[in-house]
Every structure is written in structure tokens, then in C-alpha cells.
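Colleague: Count the sequence shown with our numbering and you get residues 147 to 555, in order.
The beta-carbon is built from N, C-alpha and C at its ideal position, and this holds for glycine as well.
Handing you a structure now.
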Amino acid sequence: MLNGLWLSFFIVAAVSALAQWLIGGNAGIFAAMVESIFAMAKLSVEVMVLLFGTLTLWLGFLRIAEKAGIVEWLAKALGPLFLRLMPGVPAGHPAIGLITLNFAANGLGLDNAATPIGLKAMKALQELNPSDTIASNAQILFLVLNASSLTLLPVTIFMYRAQQGAPDPTLVFLPILLATSCSTLVGLLSVAVMQRLRLWDPVVLAYLIPGALALGGFMALLGTLSATALAGLSSILGNVTLFGLIMLFLVIGALRKVKVYEAFVEGAKEGFDVAKNLLPYLVAMLCAVGVLRASGALDFGLDGIRHLVEWAGWDTRFVDALPTAMVKPFSGSAARAMLIETMKTSGVDSFPALVAATIQGSTETTFYVLAVYFGAVGIQRARHAVGCALLAELAGVLGAIGVCYWFFG
147 MLNGLWLSFF
157 IVAAVSALAQ
167 WLIGGNAGIF
177 AAMVESIFAM
187 AKLSVEVMVL
197 LFGTLTLWLG
207 FLRIAEKAGI
217 VEWLAKALGP
227 LFLRLMPGVP
237 AGHPAIGLIT
247 LNFAANGLGL
257 DNAATPIGLK
267 AMKALQELNP
277 SDTIASNAQI
287 LFLVLNASSL
297 TLLPVTIFMY
307 RAQQGAPDPT
317 LVFLPILLAT
327 SCSTLVGLLS
337 VAVMQRLRLW
347 DPVVLAYLIP
357 GALALGGFMA
367 LLGTLSATAL
377 AGLSSILGNV
387 TLFGLIMLFL
397 VIGALRKVKV
407 YEAFVEGAKE
417 GFDVAKNLLP
427 YLVAMLCAVG
437 VLRASGALDF
447 GLDGIRHLVE
457 WAGWDTRFVD
467 ALPTAMVKPF
477 SGSAARAMLI
487 ETMKTSGVDS
497 FPALVAATIQ
507 GSTETTFYVL
517 AVYFGAVGIQ
527 RARHAVGCAL
537 LAELAGVLGA
547 IGVCYWFFG
């Protein structure tokens with residue numbers, strides 16, 4: 147699927163360029179496309195330099211959290227909830243700890259670190275699956291919640307914004323938090339309906355009701371603030387949360403006699419290994435997107451959508467952020483490339499760039515996650531996993547657009 151998507155970018159760009167040359171007489175279109183390829187290759191390296199630092203930094207701190215027992219504590223804290231949501235998983239099974247660690251990495255925005263942990267969790271769940279080829283209820287719930295991408299601290303989004311020169315990289319902290327909550331809630335409810343999960347179980351309600359009340363009260367508070375105040379609050383909370391989490395890991399690690407420096411270096415080495423493997427994918431996707439934009443094909447498609455939105459009487463500013471939303475279900479690297487290209491073309495703090503960043507932080511690559519996670523354990527029948535995951539993704543995109551109009555519109 148990813149191979150076809152990447153190839154289609156070049157084919158569509160070639161057709162568009164030929165049309166502009168033969169029909170429009172624009173012979174310079176090919177020079178613009180070649181120039182875009184080299185420009186995007188250079189941009190890939192620039193992005194990669196900061197990505198090396200970000201992944202190395204956060205995987206280092208995450209290793210401290212692991213050695214300090216924070217992840218183990220989270221597993222125990224969330225264990226009763228998962229036992230109700232995944233009744234087929236026995237208490238104390240290793241899958242529960244791995245699932246929690248995966249959600250912790252996703253919550254910190256470390257999607258590249260979350261993937262190998264998620265694969266281990268899926269393999270642990272497969273050990274309990276009576277079928278070799280049909281997804282179990284527990285596997286479907288885990289995949290859909292993974293695809294809904296509950297991101298509490300989207301550090302990679304902050305990194306991309308910083309690399310593009312944003313004066314305040316954490317400006318989108320609250321919009322992403324609210325949009326990702328929408329996608330996760332819809333994902334959970336859709337699976338609960340399909341699997342007839344007892345969400346009214348006292349233990350489940352003990353987890354969900356306080357969270358829902360806190361989120362509702364928080365949104366009610368946000369509703370009393372002006373757009374300027376909302377942006378300022380998002381910035382403050384983003385920076386305070388980011389630094390507070392670092393200090394929490396360090397303090398708890400020190401109190402539990404963890405050699406924090408050595409643990410950080412150990413995790414950082416893993417981050418370096420993860421980051422260096424991303425450059426080829428980043429170059430491939432950014433160059434493909436750059437060619438698509440330079441050929442005029444991307445603008446042509448967006449203009450068509452913009453005319454439809456205008457015909458419906460809606461505001462059209464969000465349309466330029468839609469490329470990120472449209473490719474996100476298929477490829478995280480393509481969506482990342484679209485986001486970076488939107489920030490570079492429209493401006494890092496432009497409305498389309500803010501919407502694209504929020505979409506990137508609140509949704510996940512549904513078909514990629516489906517292929518990798520189920521493919522790793524030989525699952526061939528996904529049952530209702532695809533429908534529930536896509537519904538969650540749609541909720542995340544719509545939530546991101548709505549929240550950005552609320553905060554920045």
C-alpha cells in the first residue's frame with residue numbers, strides 16, 4: 147500500500163506537469179519539479195538533525211521512567227481497567243504491562259518508540275488467541291486504541307514546529323489534547339458497541355467518569371476564555387507539562403536509586419538507532435510531496451475541494467491542511483511530509499499549518515498500524531477493526547478542525 151501511494155505521487159505529478167506543458171505551454175514546470183526534489187532532500191536532512199536530538203532526548207528520559215518503576219506503576223494502575231475491557235486477558239499477563247507501556251510512549255508522542263513495544267504486546271495477545279488468523283476482541287481493542295493515537299504530550303509535533311522556526315512550538319498543545327481525546331473516545335465507544343463491552347461496569351466507570359468530568363470541566367473553563375487567552379494557556383501548559391515531566395522522571399529515578407545519567411545514555415543510544423533509520427523514509431516522502439506540489443497537482447485538487455466548501459457556505463481556510471488528513475490513514479511518513487510542506491508553504495503559524503499539526507498529533511496511520519500489527523502475528527481477518535479505527539480517525543480530524551477554529555479561528 148505504501149509502495150503504491152508513493153509511486154502514485156510521482157505518476158500524478160508527471161501527468162499534471164505534462165498537461166501544463168502541452169496544454170498550458172509552461173515548459174518551466176519540469177525545472178521547478180527537479181528543483182523541488184533537491185530542496186526537499188535538503189529539508190529532510192535539516193529535519194533529521196533535530197529529530198536525532200528529540201528522539202534521543204525522550205527515549206533517554208523514558209528509560210529513566212522504566213528503571214524508576216513509573217511504567218510498572220502505570221501498568222498496575224491501569225490493570226483493573228484493561229481486565230474489564232479485555233476480559234480474555236488474565237490478570238498479571240505480560241500483555242497488560244506491554245499495552246500500558248505502548249500507550250505511555252504514544253501519550254508522550256514517541257510514536258516511533260511505541261511501535262516496537264506495540265508489536266511485542268500484539269504478540270503477547272496472540273498467545274491467548276484461539277485462532278491463528280482471526281483477530282481476537284482484545285487485539286481489536288488494542289489496535290483501535292492505538293490507531294486513535296491518544297497523545298498527551300506530542301513532542302515530535304513540537305519538534306517539527308521548532309525546526310520550521312515557530313516562536314512557540316507548544317502552541318498546539320491543548321488543541322491536540324482535545325482532538326485526540328475525541329478520536330480515542332469514539333474509538334473506544336465504537337469497539338464497545340461491536341463487542342458489547344460493559345462500559346457501565348463499576349470499575350470501568352470509576353476510570354472513565356472522573357476523566358470525562360475533568361475533561362468536560364476543563365473544556366467549560368476554556369469556553370470562558372478569548373482566542374488570545376486560549377493560545378497563551380496552551381503555550382504555558384505545554385511548556386510546564388513538558389518540563390514537569392522531565393523533572394518527575396529525574397526526581398523519582400533519583401529517589402529510587404536509579405543511576406539516572408547512565409539510564410539516560412542507555413535510552414538515548416536506542417533513540418539514536420531509531421532516528422537514523424528514519425532518514426531514507428523522510429527523504430522519500432518529502433521529495434514525493436515536493437514534486438506533487440511543484441507540478442500543480444496538489445493545488446489543483448485542493449482548489450476543487452475549496453470550491454465545494456465555498457459552495458456549501460463554509461470557511462475554506464482548513465482546506466490547505468487536508469493533505470495531511472487524507473494521507474494519514476495510509477502513511478505516517480507521508481503525513482509527516484505533508485505537515486512539514488504545509489508549514490513551509492503557508493507559514494509555521496498559519497491557520498492551515500496549525501490545523502495540520504493538530505491533525506498529525508490527534509490521529510494515527512490506520513492502515514499502516516493494521517498491516518504492521520496484525521501482519522506481525524499472521525492475522526488475516528481483522529473483523530470490525532478497520533471500521534472502528536477509521537471512525538476514530540474521522541472523529542480526530544473533525545475534532546482537530548473544530549478545535550483549531552475555536553482556538554485560532
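For the alpha helix (DSSP H) containing Asn-172, list its first residue and its last residue.
Modeller: Where Asn-172 is concerned, there is no enclosing alpha helix (DSSP H), given that its DSSP letter is neither H nor E.
Colleague: Buried or exposed, going by whether 16 or more other CB atoms sit within 10 Å of the CB of Leu-153?
Modeller: Its Cβ having fewer than 16 others within 10 Å, Leu-153 is exposed.
Colleague: Can you name the start and end residues of the alpha helix (DSSP H) that Leu-334 belongs to?
Modeller: Unbroken alpha helix (DSSP H) run through Leu-334: 319–341.
Colleague: Between which two residues does the alpha helix (DSSP H) containing Gln-285 stretch?
Modeller: Per DSSP, Gln-285 belongs to the alpha helix (DSSP H) from 283–294.
Colleague: How big is the Cα-Cα spacing for Ala-458 and Asn-275?
Modeller: Whole-angstrom Cα-Cα distance: 48 Å.
Colleague: On the CB-based measure, 16 or more other CB atoms within 10 Å of its CB, does Gly-264 come out buried or exposed?
Modeller: The residue is buried, with at least 16 neighbouring Cβ atoms inside 10 Å.
Colleague: Using the Cβ count rule (16 or more neighbours within 10 Å means buried), how would you classify Lys-188?
Modeller: Label assigned to Lys-188: exposed.
Colleague: Have a look at Ala-267 and Cys-328 and give me their C-alpha separation to the nearest angstrom.
Modeller: Going by the C-alpha atoms only, they are around 24 Å apart.
Colleague: With distance defined between alpha-carbon atoms, name the residue in Asp-495, Arg-452, Phe-513, Ser-441 nearest to Val-158.
Modeller: When each option's Cα is compared against that of Val-158, the closest is Ser-441.
Colleague: Quick one: give me the first and last residue of the alpha helix (DSSP H) that Met-232 is part of.
Modeller: Taken as a continuous stretch (DSSP letters only), Met-232 belongs to no alpha helix (DSSP H), as it is neither H nor E.
Colleague: Closest to Leu-244 by C-alpha separation, out of Ala-535, Phe-389, Asn-292, would be which residue?
Modeller: Out of Ala-535, Phe-389, Asn-292, Asn-292 has the C-alpha closest to the C-alpha of Leu-244.
Colleague: When you compare the CB positions of Gly-558 and Leu-208, do they come within less than 8 Å of one another, or not?
Modeller: Beyond the ends of the chain as shown, which are 147 and 555, falls residue 558; an answer cannot be given.
Colleague: Within 8 Å of any Cβ in chain D, is that where the Cβ of Gly-478 sits?
Modeller: Here chain D cannot be found, since the structure has a single protein chain.
Colleague: Apart from the five residues on each side of it in sequence, which residues of its chain come closer than 7 Å, Cβ to Cβ, to Ile-398?
Modeller: These residues qualify, in order along the chain: Ala-214, Ile-216.
Colleague: Straight-line CA distance for Glu-539 to Phe-553?
Modeller: The straight-line gap from Cα to Cα measures roughly 21 Å.
Colleague: Check each candidate in Cys-550, Gly-542, Glu-212, Ala-185 and name the one with the smallest Cα separation from Val-290.
Modeller: It is Gly-542.
Colleague: Anyone know if the C-beta pair for Ile-280 and Ala-409 falls short of 8 Å?
Modeller: No, the Cβ-Cβ distance between Ile-280 and Ala-409 is not below 8 Å.
Colleague: Are there three or more Cβ pairs, one per stretch, closer than 8 Å when the stretch 175–193 is compared with the stretch 431–449?
Modeller: Touching, yes.
Colleague: With three or more beta-carbon pairs closer than 8 Å as the criterion, would you say the stretch 216–236 touches the stretch 347–363?
Modeller: Result yes; three or more Cβ-Cβ pairs closer than 8 Å.
Colleague: Put Arg-463 into one of helix, strand or coil per three-state DSSP.
Modeller: Note: Arg-463 maps to helix in three-state DSSP.
Colleague: Which residues does DSSP pair with Arg-527 in a beta bridge?
Modeller: In DSSP, Arg-527 forms a bridge with Ile-280.
Colleague: According to the Cβ coordinates, are Leu-271 and Ala-241 closer than 8 Å?
Modeller: Yes, these two residues count as a Cβ contact at 8 Å.
Colleague: Report buried or exposed for His-239, applying the criterion of at least 16 other Cβ atoms within 10 angstroms of its Cβ.
Modeller: His-239 is buried by the Cβ-count criterion.
Colleague: Does the distance from the C-beta atom of Ile-525 to that of Gln-285 stay below 8 Å?
Modeller: Result yes, Cβ atoms of Ile-525 and Gln-285 sit closer than 8 Å.
Colleague: Would the stretch 381–397 and the stretch 170–178 be scored as touching if the rule is three or more Cβ pairs under 8 Å?
Modeller: These segments do not touch.
Colleague: To the nearest angstrom, how far is it from the Cα of Arg-463 to the Cα of Met-489?
Modeller: Distance between the alpha carbons of Arg-463 and Met-489: 14 Å.
Colleague: Rounded C-beta distance between Arg-452 and Val-465? I'm assuming under 8 Å.
Modeller: About 5 Å; that satisfies the 8 Å criterion.
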